[in-house]
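Here the protein sequences come in this chain order: A and B. Numbered according to our numbering, the first sequence terminates at residue 722, and the numbering increases by one at each position without gaps. Numbered according to our numbering, the second sequence terminates at residue 425, and the numbering increases by one at each position without gaps. Beneath this line is the structure, given in structure tokens, with notes to follow.
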Amino acid sequence: MLSNQEVAEELLGKFGDQVYDFEEPYGLLTLSTTREEIIPVLEFLKQHKTYQINFLTDITGVHYPDNTGKEFAVVYHLHSFIQNFRIRIKVFIAEADIHIPTMTGLYASANWMERETYDFYGILFDGHPNLVRILNIEEMDYFPMRKEYALEDATREDKIDALFGR
Amino acid sequence: MADIELLPHNVPVQSELPELIEELTTLNLGPTHPATHGIFQNILQMDGEKIVSGEQTIGYIHRAFEKIAERRPFYQITTLTDRMNYCSSPINNFGWHMTMEKFLQIEVPKRAQYIRVIMMELARISDHLICNSILGVDSGAFSGFLYVMQKREDIYEIYEEVCGARLTTNMGRIGGMERDLSSTALRKIREFIKTFPPVLREFEKLMSRNRIFMDRVINVGPISLERALSYGFTGPNLRAAGLDYDVRVMEPYSSYEDFDFSIPVGQSGDTFDRYNVRMEEMWQSLKIVEQALENLPEGPYYADTPEYYLPPKKEVYSNMEALIYHFKIVMGEIDAPIGEVYHAVEGGNGELGFYLISDGGRAPYRLHFRRPSFIYYQAFPEMCKGSTLSDAILTMSSLNVIAGELDA
Numbered sequence: 557m558l559s560n561q562e563v564a565e566e567l568l569g570k571f572g573d574q575v576y577d578f579e580e581p582y583g584l585l586t587l588s589t590t591r592e593e594i595i596p597v598l599e600f601l602k603q604h605k606t607y608q609i610n611f612l613t614d615i616t617g618v619h620y621p622d623n624t625g626k627e628f629a630v631v632y633h634l635h636s637f638i639q640n641f642r643i644r645i646k647v648f649i650a651e652a653d654i655h656i657p658t659m660t661g662l663y664a665s666a667n668w669m670e671r672e673t674y675d676f677y678g679i680l681f682d683g684h685p686n687l688v689r690i691l692n693i694e695e696m697d698y699f700p701m702r703k704e705y706a707l708e709d710a711t712r713e714d715k716i717d718a719l720f721g722r
Numbered sequence: 018m019a020d021i022e023l024l025p026h027n028v029p030v031q032s033e034l035p036e037l038i039e040e041l042t043t044l045n046l047g048p049t050h051p052a053t054h055g056i057f058q059n060i061l062q063m064d065g066e067k068i069v070s071g072e073q074t075i076g077y078i079h080r081a082f083e084k085i086a087e088r089r090p091f092y093q094i095t096t097l098t099d100r101m102n103y104c105s106s107p108i109n110n111f112g113w114h115m116t117m118e119k120f121l122q123i124e125v126p127k128r129a130q131y132i133r134v135i136m137m138e139l140a141r142i143s144d145h146l147i148c149n150s151i152l153g154v155d156s157g158a159f160s161g162f163l164y165v166m167q168k169r170e171d172i173y174e175i176y177e178e179v180c181g182a183r184l185t186t187n188m189g190r191i192g193g194m195e196r197d198l199s200s201t202a203l204r205k206i207r208e209f210i211k212t213f214p215p216v217l218r219e220f221e222k223l224m225s226r227n228r229i230f231m232d233r234v235i236n237v238g239p240i241s242l243e244r245a246l247s248y249g250f251t252g253p254n255l256r257a258a259g260l261d262y263d264v265r266v267m268e269p270y271s272s273y274e275d276f277d278f279s280i281p282v283g284q285s286g287d288t289f290d291r292y293n294v295r296m297e298e299m300w301q302s303l304k305i306v307e308q309a310l311e312n313l314p315e316g317p318y319y320a321d322t323p324e325y326y327l328p329p330k331k332e333v334y335s336n337m338e339a340l341i342y343h344f345k346i347v348m349g350e351i352d353a354p355i356g357e358v359y360h361a362v363e364g365g366n367g368e369l370g371f372y373l374i375s376d377g378g379r380a381p382y383r384l385h386f387r388r389p390s391f392i393y394y395q396a397f398p399e400m401c402k403g404s405t406l407s408d409a410i411l412t413m414s415s416l417n418v419i420a421g422e423l424d425a
């Protein structure tokens, strides 16, 4: 059984201060890295002889509008079937420079996951073979999961968040 | 008659034949095609009868569940989940409840866990039953489908008895079940356990070693294990390719570690293997239901979590605290803790994951559903490349792509 500590130390030894913000929410090793290092980190975990973290469970985006300079996060969930070990890796990027390298070279499944993330958040995956909208209509000119698009009609005054919850 | 010129009979009439042009045919399969069972489009490039390439268009029933969830109290998100994989909605419901329970660190009583296992395995049976019998229909064997449909109806009647609904079940609550199994529900489950095996055996007899069916499905739409992993396959489709990954065994939830069952695996990842894996999984699910029913523990069927579990109506009228909690839950005034959690369950089609980020508000800050169909359906063009159209239909059918789960 692989421990979070072991993997974290191995990653720190290999990538130094390029991997940071280690956490363990509900026992799942979570860390952040930069977009320059994300492919090397994932490749390292995939090629590692004992870890074999070679299954991409999920890619998704998160929008933090108040987090200036790091407005968007791309979250990767990876899994090793051999060790039964999960890891979550986050990359924060700025809205002004919303680019991140694609993972399609490492995992075929990243194709649609990245298209979905682009579709909802407008995050541009550099090198993606076909970065177009997937679930929404092609004519759409905004990215609907961003926080500035409120779900409720913004002109309504009878529904106050303080009283009725978000 | 002198000006009629007679040609000598040995002169060829036309020596130049028009040059043969190689042209691909574009075939629109869908969006509403009776053989695709759901609303999605495939634009296929055909060379005669063979598929050269395919381009998929999805999103026809996209309902923005992830966005809607960002404004809903946690208990109201359950109704979104059962509209994803509507062939096995209880699994989705409980998957979400278990995510919340993991997030809030609620310990659910054993009895509720066992009831959930029973319902989830019945849901798995109905999911696989549909997939395999429709695979028969798509390959031209209609009668098997009619044999087993009655049994799905029986499962839906059990749902009805447990939660009041048939398709979009909204079963269970955060913290347990909304009510205990009634005596009618227990009787119906026992009856199902008794009457289902003969029907499934009959279906198996009709299909599994049927020469015509085997010729139609063996080596159709195969995928190697390496490609399947790269494409993010999980569930029966991955197991058919030869890897025994099952969330129920790898990361047991809801007391799955108490039950004795085995995980069937295939070898070649073709349509026949997917069919066989699902067939065997139904037997295994039945085994789990039998064990759970036999060892069903006594005790409460919900955890003591007043902030999330609606109090019994009788107490709301007589107990001040119950009234307060009732009001707070219904109005969505419960603030959740801050944190993030990922929880996965073994859905009908594979690993169904819920990634929840909470900022301490009354609704999730971000909720992402890892939907197995969405992730593996992108392998479809590669799987049907070079095959005939009729084989591609069978490949899609055996992948069990559910439009609701695909588009969320």
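We put the CB at the ideal spot given by N, CA and C, even for glycine.
Assigned secondary structure, residue i (DSSP; H/G/I helix, E/B strand, else coil)
i: D614 (chain A); result: strand
i: Y359 (chain B); result: strand
i: A309 (chain B); result: helix
i: A629 (chain A); result: strand
i: F648 (chain A); result: strand
i: K402 (chain B); result: coil
i: G71 (chain B); result: strand
i: L707 (chain A); result: coil
i: L723 (chain A); result: Outside the shown range of chain A (557 to 722) lies residue 723 (chain A), about which nothing can therefore be said.
i: P253 (chain B); result: helix
i: D64 (chain B); result: strand
i: Q639 (chain A); result: coil
i: I56 (chain B); result: coil
i: I656 (chain A); result: strand
Cutoff 7 Å: residue i Cβ touching any chain B Cβ
i: F648 (chain A); result: no
i: L585 (chain A); result: no
i: M701 (chain A); result: yes
i: N623 (chain A); result: no
i: V597 (chain A); result: no
i: L601 (chain A); result: no
i: T616 (chain A); result: yes
i: S665 (chain A); result: yes
i: P657 (chain A); result: no
i: N560 (chain A); result: no
i: N640 (chain A); result: yes
i: L691 (chain A); result: yes
i: Y582 (chain A); result: yes
i: F637 (chain A); result: yes
i: L555 (chain A); result: What is shown of chain A runs 557 to 722, which leaves residue 555 (chain A) out entirely.
Identity of the residue in the options nearest residue i by Cα
i: L313 (chain B); options: B:K127, B:I85, B:Y176, B:R183; result: B:K127
i: C148 (chain B); options: B:G421, B:M413, B:D424; result: B:M413
i: V630 (chain A); options: A:T624, A:I645, A:F699; result: A:I645
i: A86 (chain B); options: B:S375, B:C401, B:M400; result: B:S375
i: E243 (chain B); options: B:P90, B:Y131, B:A258, B:D277; result: B:A258
i: E422 (chain B); options: B:L61, B:R80, B:E36; result: B:R80
i: P107 (chain B); options: B:E338, B:S150, B:A182; result: B:A182
i: A202 (chain B); options: B:G192, B:C180, B:L184, B:D144; result: B:C180
i: G193 (chain B); options: B:L384, B:P51, B:S271, B:M166; result: B:S271
Cβ of residue i within 7 Å of any chain A Cβ
i: E357 (chain B); result: yes
i: Q9 (chain B); result: Lying before the first or after the last residue shown, residue 9 (chain B) is absent from chain B, which here runs from 18 to 425.
i: I341 (chain B); result: no
i: S247 (chain B); result: yes
i: G76 (chain B); result: yes
i: R89 (chain B); result: no
i: H114 (chain B); result: no
i: K67 (chain B); result: no
i: R226 (chain B); result: no
- Assess, as a yes-or-no matter, whether the stretch 404-413 of chain B is touched by the stretch 672-690 of chain A under the definition of 3 or more beta carbon pairs within less than 8 Å. No, they do not touch.
- Contained alpha helix (DSSP H) runs [length at least 4] in the stretch 137-216 of chain B, N- to C-terminal order: 160-180
- Item | Whole runs of the alpha helix (DSSP H) within the stretch 313-392 of chain B, excluding any shorter than 4 residues | 330-335, 337-347
- Item | Contact the stretch 73-89 of chain B vs the stretch 386-397 of chain B: 3+ CB pairs below 8 Å | yes
- Message: Using a Cβ distance threshold of 8 Å, determine whether the stretch 120-137 of chain B contacts the stretch 343-362 of chain B, with at least three qualifying pairs required.
- Response: yes
- Task: Inspect the CB distances between the stretch 580-600 of chain A and the stretch 614-622 of chain A and report whether three or more fall short of 8 Å.
- Result: no
- Task: Kindly provide the ranges of any beta strand (DSSP E) runs that are 3 or more residues long and lie completely inside the stretch 573-605 of chain A, ordered along the chain.
- Result: 575-579, 585-589
- Query: Counting Cβ pairs, one atom from each stretch, are 3 or more of them under 8 Å apart for the stretch 318-329 of chain B and the stretch 291-309 of chain B?
  - Reply: Three or more beta-carbon pairs separated by less than 8 Å are not found between the stretch 318-329 of chain B and the stretch 291-309 of chain B, which leaves the two stretches without contact.
- Message: Tell me whether the stretch 95-112 of chain B and the stretch 365-374 of chain B touch, counting them as touching only if at least three CB pairs, one residue from each stretch, are closer than 8 Å.
- Response: yes
- Message: With three or more C-beta pairs closer than 8 Å as the rule, is the stretch 590-606 of chain A touching the stretch 565-577 of chain A?
- Response: Under the three-pair Cβ rule at 8 Å, the stretch 565-577 of chain A counts as touching the stretch 590-606 of chain A.
- Message: If we require 3 or more residues per run, which beta strand (DSSP E) segments fall completely within the stretch 77-124 of chain B?
- Response: none
- Is it true that the stretch 43-56 of chain B meets the stretch 398-405 of chain B, where meeting means three or more beta-carbon pairs spaced less than 8 Å apart? no
- Should the stretch 131-138 of chain B be called in touch with the stretch 280-296 of chain B, which here means at least 3 C-beta pairs below 8 Å? no
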